[in-house]
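Count the sequence shown with UniProt numbering and you get residues 1 to 207, in order.
All C-beta atoms in this analysis are idealised placements derived from N, C-alpha and C, irrespective of residue type, glycine included.
Please read these numbers as outputs of a predicted model, since none were measured by experiment.
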Amino acid sequence: MDLPLSSIKKPIDAIQILIDKLSPYAHQEISPSHKKFYCTDQCYLVQDGYVQLHRIQDEMIMYSSSAPTILGLSSNLIPGAEDFFFTTKTTTTIAILTTSKATQIIESENLWEYLSIFQAYIIRRMHEYHGRTTALSAYEITRNQLINLMHEPDEVRNNITAVQYIQDHTRLSRSGVMKMLSQLKKGNYIELNKGLLIKINKMPLGY
Numbered sequence: 001m002d003l004p005l006s007s008i009k010k011p012i013d014a015i016q017i018l019i020d021k022l023s024p025y026a027h028q029e030i031s032p033s034h035k036k037f038y039c040t041d042q043c044y045l046v047q048d049g050y051v052q053l054h055r056i057q058d059e060m061i062m063y064s065s066s067a068p069t070i071l072g073l074s075s076n077l078i079p080g081a082e083d084f085f086f087t088t089k090t091t092t093t094i095a096i097l098t099t100s101k102a103t104q105i106i107e108s109e110n111l112w113e114y115l116s117i118f119q120a121y122i123i124r125r126m127h128e129y130h131g132r133t134t135a136l137s138a139y140e141i142t143r144n145q146l147i148n149l150m151h152e153p154d155e156v157r158n159n160i161t162a163v164q165y166i167q168d169h170t171r172l173s174r175s176g177v178m179k180m181l182s183q184l185k186k187g188n189y190i191e192l193n194k195g196l197l198i199k200i201n202k203m204p205l206g207y
């Protein structure tokens, strides 16, 4: 089976060093699933769980990640980074501090190298995402998203229909997506149960 976007190697060591250095200055909370956080002046250290980053203008999902990861840190560094929010998709443990405090600690502890490694990873993830959702046919986009969905944690995959997942990540029409899924299911390329993706057998490259 094709690899999902998450096959890009996450720099766990760099992320964990940042979290370990910033956590003593943060307050921790355990968030239920489906809670929304805005990336304004807060830095979020995701220590356990699964989150998805959305752009505010249309709520489309731009980035998904399991812990460990960091969100909101760029809002104090890059204008426009506050145009995003993220949601928890599972019960999630998050440590929160202000972005200004986080930047101050990164400066005093000389953590810029680790931040650069993490930001380079995010840029690559965004680039891969853009490449799989633009300049492609509707079928190719749908195929990529089904592959990604199949690699999501069970707690995510078992609680969202394939149609909804694809619509959350793209701007494809619901009717068009449903038609393609119906034909893929009829051809035994995928297995669906009440709209949930159960299995991908072998999907053709073209439609």
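Helix, strand or coil: which one does DSSP assign to H34?
-> coil
Tell me whether R125 is buried or exposed, calling it buried when 16 or more other Cβ atoms sit within 10 Å of its Cβ.
-> buried
Candidates M178, N148, F118 and R171: which alpha carbon is nearest D13's?
-> Comparing Cα-Cα distances from D13 to each of M178, N148, F118 and R171, the minimum goes to F118.
Assigned exposure category for residue 210 - 16 Cβ within 10 Å defines buried = Nothing can be reported for residue 210, as the shown portion of the chain is limited to 1 through 207.
Residues that Y44 bridges to, as DSSP identifies them = L71 and I96
In chain order, each beta strand (DSSP E) run of at least 3 residues that lies wholly inside the region 128–193 = 190–193
Cβ-Cβ distance between H169 and I61 below 7 Å = yes
When you compare each of Y63, K185 and K202 to H130 by their alpha carbons, which one comes out closest?
-> Y63
Let me know the secondary structure DSSP gives Q28 once reduced to three states.
-> strand
Closest by CA to V51, which one among T91, I141 and D20?
-> T91
CA-to-CA distance, L196 to N158, given in whole angstroms | 7 Å
Close-in-space but distant-in-sequence residues of the same chain around R143 (CB under 6 Å, 5 per side omitted) | M203
Could you check the C-alpha separation between L3 and L97 for me, to the nearest Å?
-> Summary for L3: the model assigns pLDDT 48, below 50, so the residue's position carries little reliability, and this model does not support an answer.
Would you identify the three-state DSSP class for L3, choosing helix, strand or coil?
-> Since pLDDT at L3 reaches only 48, below the 50 mark, its modelled position is unreliable, and no value is offered.
Quick one: Cα of S108 to Cα of H151, how far?
-> 39 Å
Below 7 Å CB to CB, which residues in the same chain sit around Y114 once its five sequence neighbours on both sides are set aside?
-> Residues A14, I17 and L18 of the same chain have their beta carbon placed closer than 7 Å to that of Y114, with the five preceding and five following residues left out of the count.
Close Cβ partners of K10 (< 7 Å) along its chain, the five nearest in sequence each way excluded = Y121
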